[in-house]
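>
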Amino acid sequence: MATAYIGLGAWCLLHPQSVIALGFTPKYVTMANATTHLFARCFGAQAMTCGLLLGTSEMTAFSFTAFGLAMIPYLGWNFWFGIGPAKGMVNKLMWLDFVGNVFFMSGSLWCANVLREEA
Numbered sequence: 005m006a007t008a009y010i011g012l013g014a015w016c017l018l019h020p021q022s023v024i025a026l027g028f029t030p031k032y033v034t035m036a037n038a039t040t041h042l043f044a045r046c047f048g049a050q051a052m053t054c055g056l057l058l059g060t061s062e063m064t065a066f067s068f069t070a071f072g073l074a075m076i077p078y079l080g081w082n083f084w085f086g087i088g089p090a091k092g093m094v095n096k097l098m099w100l101d102f103v104g105n106v107f108f109m110s111g112s113l114w115c116a117n118v119l120r121e122e123a
């Protein structure tokens with residue numbers, strides 16, 4: 005998980021225009037400006053910080069459970085912009101974000117369960 009967060013975060017930080025072009029519909033890509041790029045870079049820096057924390061911390065069953073449950077709002081974001089009221093802002097490629105969020109949530113909860121069984 006750390007590698008994914010660091011890698012994708014670095015992509016947002018270093019090449020925000022390509023992330024915006026790949027993730028949003030043409031209507032919103034044309035509205036992108038310096039502020040949009042700044043927000044994408046901030047998002048990338050935050051993701052890299054999360055990856056650094058995941059990669060250097062000793063994760064416990066509680067940590068994995070907390071991280072897994074923390075993914076729930078991201079699934080809400082996927083719903084809101086994918087099929088909910090804000091549908092049409094992101095393109096179909098963003099469903100990969102949904103798949104990744106489900107993977108991170110289920111993987112975290114599975115790791116928490118394995119660590120509890122080990123204890």
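When we follow the numbering used here, the leftmost residue of the sequence shown carries the number 5, and every step to the right adds one.
In this text, a Cβ means the ideal position worked out from N, Cα and C, and glycines have one as well.
Because the structure is a prediction, the values reported are computed rather than measured.
1. Could you tell me which of Asn-105, Met-63, Phe-66 sits nearest to Phe-83, measuring between CA atoms?
2. Can you name the start and end residues of the alpha helix (DSSP H) that Met-109 belongs to?
3. Can the beta-carbon of Ala-25 be found closer than 8 Å to that of Met-52?
4. Could you give the residue range of the alpha helix (DSSP H) that holds Asn-37?
5. For Val-33, which of Ala-123, Asn-95, Leu-119 has the nearest alpha-carbon?
6. Exposed or buried, Met-75, counting other C-beta atoms within 10 Å across all chains shown (16 or more means buried)?
7. Given this structure, state the Cα-to-Cα distance separating Ser-110 from Glu-122, to the nearest angstrom.
8. Rounded C-beta distance between Leu-58 and Met-5? I'm assuming under 8 Å.
9. Note down the Cα distance separating Phe-47 from Leu-12, rounded to an integer number of angstroms.
With the given structure in hand:
1. Asn-105
2. 99 to 122
3. no
4. Taken as a continuous stretch (DSSP letters only), Asn-37 belongs to no alpha helix (DSSP H), as it is neither H nor E.
5. Asn-95
6. buried
7. 18 Å
8. 5 Å
9. 10 Å
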